[in-house]
Amino acid sequence: MFVQRQGLVIWLYSLKQAKMLRRFGNVHYVSKKLKYVVLYCNQEELAGIMEKLNSFSFVKKVEPSYKPFLRMDYENSAPDKAKEYDYKMGI
């Protein structure tokens with residue numbers, strides 16, 4: 001139902017071509033100071049898009065985001081006992 005998406009950070013030499021990157025996915029952010037673009041695309045097409053973007057002369061480097069591969073469920077997150085006691089007291 002939902003397509004898995006992954007972010008790409010594209011470092012550029014010049015921001016003139018940043019608008020052209022919209023055809024590869026959704027441009028989320030463009031940094032004028034550091035000259036990079038954050039682009040979201042489908043995870044299945046990621047390797048092909050990275051290869052194509054690296055072939056352009058105005059691209060310095062393309063880095064994928066590792067957020068889809070990080071574990072987001074946390075274990076052993078017990079609440080602080082002192083705060084729990086304060087809440088019971090009504091403070």
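Residue 29 in my numbering sits at position 29 of the sequence shown; the count goes up by one each step and never skips.
Glycine residues also receive a C-beta, built at the ideal position from the N, C-alpha and C atoms.
{"Asked": "If distances are taken between C-alpha atoms only, which option among 58, 22, 11 comes closest to residue 35?", "Found": "11"}
{"Asked": "For residue 67, which three-state DSSP category applies?", "Found": "helix"}
{"Asked": "To the nearest whole angstrom, what separates the beta carbons of residue 7 and residue 52, a pair I think is in contact under 8 Å?", "Found": "Contact doesn't hold; Cβ gap of about 16 Å is too wide."}
{"Asked": "Alpha carbons only, please: which of 38, 17, 69 is nearest the one belonging to residue 27?", "Found": "38"}
{"Asked": "Shortest alpha-carbon distance to residue 23 belongs to which of 75, 73, 64, 49?", "Found": "49"}
{"Asked": "Enumerate in chain order the residues of its own chain whose CB-to-CB distance from residue 17 is below 8 Å, with the five nearest sequence positions on each side excluded.", "Found": "56, 58"}
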